[in-house]
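Using my numbering, you'd call the opening residue of the sequence shown number 11 and step up by one each time. Ideal Cβ positions, reconstructed from N, Cα and C, are used throughout, including at glycine. Treat the numbers as computed from the prediction; the structure is a model and nothing was measured. Report on one structure; see the data block that follows.
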Amino acid sequence: MDKVVTTAAEAVEGIADGASLAVGGFGLSGVPDILIQALYEAGTGALHVVSNNCGAMERGLALLLTAGRIARVTGSYIGANREFARQYLAGEVEVEMIPQGTLAERLRAGGSGIPAFYTPAGVGTQVADGGMPWRYDGHGGVALASPPKEVRDFEGTSYVLERAIRTDFALVRAARGDRHGNLVFSKSARNFNPLAAMAGRITVAEVEELVEPGGIDPDQVHLPGIFVQRVLPLTAAQAAEKRIERRTTREARS
């Protein structure tokens with residue numbers, strides 16, 4: 011039951027070239043930076059990543075993307091990541107864009123043993139009809155487009171069939187965790203982390219604070235340890251580093 015590993019290299023052991031990864035985080039919040047750094051140092055490439063976005067400010071998945079280690083991204087947001095946009099338009103990376111709520115539910119369904127579900131999101135658009143550019147040819151044309159999906163009516167409303175997502179591995183970050191893999195996330199840093207963890211066949215969690223079994227009130231557990239196979243305790247310095255993607259301030263009132 012003790013799932014603790016002592017090094018980041020040990021935590022990502024077995025993640026080979028071409029592996030699929032569900033990765034938690036949103037922007038720079040709740041991103042498993044230490045595990046991503048370990049993958050970068052291991053030289054792992056041709057990765058198929060499922061995540062809300064692909065990092066920002068050279069942090070998170072942007073580290074792997076800039077190094078050319080990511081072959082395919084399934085996500086819902088490109089945002090201000092110019093390198094992500096450049097690679098996509100140049101045909102260097104394949105991108106499947108998904109409505110954000112649909113992405114969340116596809117991950118959750120994968121972890122819950124639900125193979126597919128119907129949703130109204132995307133009906134009447136290229137999400138359902140097909141034709142969304144997955145890969146460009148580098149010359150302004152589309153090399154690979156999304157196929158059409160099944161659409162079915164229920165009580166007069168149309169719904170599109172979306173398939174669950176399961177990945178070889180999942181990388182997540184939690185505020186607290188115990189040796190059995192039970193996890194607690196902090197505020198907005200929870201974001202996609204529990205869903206990504208559920209979708210991975212082998213889930214690795216970096217935790218800012220490691221406690222002994224029983225140290226977390228069962229009612230406070232956000233993700234049960236059954237979904238987690240490896241736990242990496244962070245150092246105090248690693249846990250304390252919290253980047254801010256866009257800082258907005260104002261003058262204090264007198």
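Does the distance from the C-beta atom of residue i to that of residue j stay below 8 Å?
i	j	result
G53	L181	no
R189	V217	no
G65	A100	no
L71	V59	yes
S30	D229	no
R173	R116	yes
A209	A32	yes
G132	T112	yes
V22	V161	no
A207	V238	yes
A19	A48	yes
V105	W144	yes
Considering only DSSP beta bridges, list what residue i is partnered with.
i	result
S39	F36
M107	G85
A90	According to DSSP, A90 bridges with nothing at all.
I8	The shown model of the chain, from 11 to 264, leaves out residue 8, and the question about it has no answer.
L242	E216
F127	E172
V14	V241
S264	Beta-bridge pairing links S264 to no other residue.
Use the C-beta contact count for residue i: other C-beta atoms within 10 angstroms, 16 or more gives buried, fewer gives exposed.
i	result
R79	buried
I175	buried
V194	buried
S246	What sits at residue 246 in the sequence shown is Ala, not Ser. It is exposed - the Cβ of A246 has fewer than 16 other Cβ atoms within 10 Å.
R96	exposed
S122	exposed
Using a Cβ-Cβ cutoff of less than 6 Å, which residues in the same chain neighbour residue i once the five nearest sequence positions on both sides are dropped?
i	result
V14	R189 and V241
P158	D139 and G140
M11	H190
G37	A66 and E255
Please list, in chain order, all residues of the same chain as residue i whose beta carbon is under 7 Å from its beta carbon, the five residues on each side excluded.
i	result
M142	M107, Q136, A155 and S156
S196	A185
F94	C64, L75 and I88
Please go through the same chain and pick out, in chain order, the residues whose beta-carbon is closer than 8 Å to the beta-carbon of residue i, but skip the five residues on each side of it.
i	result
P130	T167, S168, Y169 and V170
A90	A66
Alpha helix (DSSP H) runs wholly inside the region 150-222, at least 4 long, in chain order: 203-209
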